[in-house]
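Take a look at the structure below.
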Amino acid sequence: MEKWIQRAPGLLLCFVIGLAAWALGQWLPVVGGPVFAILIGMVLTLVVKKKQKCAPGVQFTSKKILQYAVILLGFGMNLSEILRQGSQSLPIIVSTIATSLLVGYAMYHLLKLPRNNAILISVGSSICGGSAIAATAPVIGAGDEEVAQSISVIFLFNVAAALIFPTLGGVLGLSNEGFGLFAGTAVNDTSSVTAAATAWDGIHGSNTLDIATVVKLTRTLAIIPITLVLALLQAKQAQGTGRSQVSLTKIFPFFVLFFVLASVVTTVFHLPPVVTDPLKDLSKFLIIMAMAAIGWNTNIVQLVKTGGRPILAGFCCWVAIACVSLGMQHILGIW
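FYI, numbering that gives the first Met the number 0 numbers position 18 of the sequence shown as 17, with every residue one higher than the one before it.
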């Protein structure tokens, strides 16, 4: 009980910021609540002097609440339905994820990026933006500033994709199905996938939003193998440095197993939207709260100073994913 009393000021702070960010995200979905939460947190931490009382709750939110959000995300995954509808997109999804990870690895060496930044940017670009970063960060032990920087990079190219891709698809002569696959595999975050597909539908009078959403959800399932592989690599590295078995236990992402369990429960029991939709909304809000905590712990001046190389890495991943997505569609005859 005493711990919760200590956490209360920080939890309340993140909750209030979360409410404001959620409202702003609803007003401007192409930006999204998580980005607004990070920005508000970074600004407030500059003006608030006495922050010690908030520290326990903010720390709890940025770590544990973030993991709870990922678990709840699983209730939005009906595995059989997603795989049935999204099976056609699997070759493209696998290709784009592999491309982003390879480009991220190359940027890590060429630009001398911090390891965690390279991982978060490549995973966020290839899987599902902020949700993938939220799932990956605890596994690799990423710091709040690394998470904030990676989210910011992903946000930048989310907005660019939502604005550019509908016009680009028209110039390339993509079919409605082709653009749905393109948006679902080459745009990072769900809100930006929705924005790009909605813009295309508005221009062409089509219904690509459903295709893009299913493809995007299929991509999200890649969180499971990616985080487990990263956990194994972390464990191997820990063994190489002689760390104890207790440390290895902490490294393993048990919250990802609960994410899988939530997905299985939704699939086996065919949970209706009246049950899953509130849980998905709660997951989104908890992620926004966690991003508020991360913003609170982030030095915005340092973030700007070190932002050039991560942005270049994100740009390379973004362009590579778009090219591979289009190339695979052409090879598969979906164009």
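Positions of the beta carbon are idealized from the N, C-alpha and C atoms, including for glycine.
- About 5 Å separates the Cβ atoms of T60 and C13, confirming a contact at the 8 Å cut-off.
- Remark: C-beta atoms of S149 and I320 do not approach each other more closely than 8 Å.
- With a contact defined as Cβ atoms closer than 8 Å, V138 and A131 miss out at about 11 Å.
- Using a C-beta cut-off of 8 Å, the region 111-121 makes no contact with the region 175-187, since fewer than three inter-stretch Cβ pairs fall below that distance.
- Counting along the chain, the unbroken alpha helix (DSSP H) around M288 starts and ends at P272 to W295.
- Counting only runs of at least 4 residues, the region 57-102 fully encloses the following alpha helix (DSSP H) elements, listed from N- to C-terminal order: 65-72 and 78-85.
- In this chain, the alpha helix (DSSP H) harbouring G307 covers G307 to L331.
- In summary, F253 is exposed, with fewer than 16 beta-carbon neighbours lying within 10 Å of its beta-carbon over all protein chains present.
- The region 71-80 and the region 310-320 do not touch, with fewer than three beta-carbon pairs separated by less than 8 Å.
- Under the 8 Å Cβ criterion, the region 26-35 does not count as touching the region 264-279, having fewer than three qualifying pairs.
- Contact annotation: L285 and Y67 have beta-carbon atoms nearer than 8 Å.
- Within the same chain, A195 come within 6 Å of F164 by CB-CB distance, once the 5 residues on both sides are set aside.
- Residue environment: S86 is assigned as exposed (fewer than 16 neighbouring CB atoms within 10 Å of its CB, all protein chains considered).
- If you check the CB distance, V192 and S88 do not come in under 8 Å.
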